[in-house]
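Residue numbers (our numbering): 16 to 179.
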Ligand SMILES: [Zn+2]
């Protein structure tokens, strides 16, 4: 328990530190590793710069970093999302979907033809793919890992199921 105090004591906090990557797990000090932290749920390793209160994900390229602001972790190089960014993201989803949907509406296939189902499905796939691209960009911007979150949730469910 004294090792927990040694690395984390540089930070001012009053509750367990949440993992900034999965946002579910709790950061703990690793035995025999100075200034290294690990998440109990997503099993990722972090190094802590106690002087600058910066947490770095060890095995990522580019290096993901978070700054401790006294209350929570914030992406170190994150800036405010501008209105123009939101407009571009919305346009990236809406415009291709609208073009495909309008083409599917105005150039309908003959009812009963073998591929009559394709235009509506193509429109939905266009929407889903472009929404996925925007969500990936958003998760990358906020340095949130959906896969780490999924792993952490799976492990949390297994732990809860095993404890019953
Ligand atoms: Zn985690």
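Glycine included, each C-beta is placed from N, C-alpha and C at the ideal position.
For residue i, which three-state DSSP category applies?
| i | result |
| --- | --- |
| residue 54 | strand |
| residue 35 | coil |
| residue 125 | coil |
| residue 80 | strand |
| residue 114 | helix |
| residue 88 | strand |
| residue 96 | coil |
| residue 73 | coil |
| residue 63 | strand |
In angstroms with no decimal places, state the Cα-to-Cα distance between residue i and residue j.
| i | j | result |
| --- | --- | --- |
| residue 62 | residue 120 | 54 Å |
| residue 18 | residue 102 | Low confidence applies to residue 18: its pLDDT is 38, below 50, so where it sits in the model is not reliable, and the reading given next is rough at best. The alpha-carbon atoms of residue 18 and residue 102 are separated by roughly 48 Å. |
| residue 174 | residue 58 | 14 Å |
| residue 56 | residue 35 | 12 Å |
| residue 32 | residue 87 | 8 Å |
| residue 241 | residue 168 | The requested residue 241 does not occur in the structure, where the chain is confined to residues 16 to 179. |
| residue 176 | residue 65 | 36 Å |
| residue 148 | residue 107 | 9 Å |
| residue 20 | residue 72 | For residue 20, the pLDDT reaches just 44, beneath the cut-off of 50, and the residue's location in the model is therefore unreliable, although a value from the coordinates is still provided. Distance between the alpha carbons of residue 20 and residue 72 is about 20 Å. |
| residue 53 | residue 46 | 10 Å |
| residue 90 | residue 84 | 10 Å |
| residue 79 | residue 44 | 19 Å |
| residue 8 | residue 132 | The displayed coordinates of the chain run from 16 to 179. Any statement about residue 8 would go beyond what the structure contains. |
| residue 171 | residue 178 | 11 Å |
Could you tell me which of the options sits nearest to residue i, measuring between CA atoms?
| i | options | result |
| --- | --- | --- |
| residue 76 | 158, 146 and 177 | 158 |
| residue 111 | 100, 143 and 71 | 143 |
| residue 109 | 68, 30, 146 and 51 | 146 |
| residue 74 | 81, 60 and 68 | 60 |
Contact between the stretch 97–117 and the stretch 130–149 (3+ Cβ pairs under 8 Å): yes
Should the stretch 29–39 be regarded as contacting the stretch 156–168, the criterion being three or more beta carbon pairs within less than 8 Å? yes
Check whether the stretch 151–158 and the stretch 84–99 touch, using three or more Cβ-Cβ pairs below 8 Å as the test. yes
Pick out every residue whose C-beta is nearer than 7 Å to a heavy atom of ligand 1: which are they, in chain order? 34, 36, 37, 39, 40, 54, 56, 57, 59, 163 and 167
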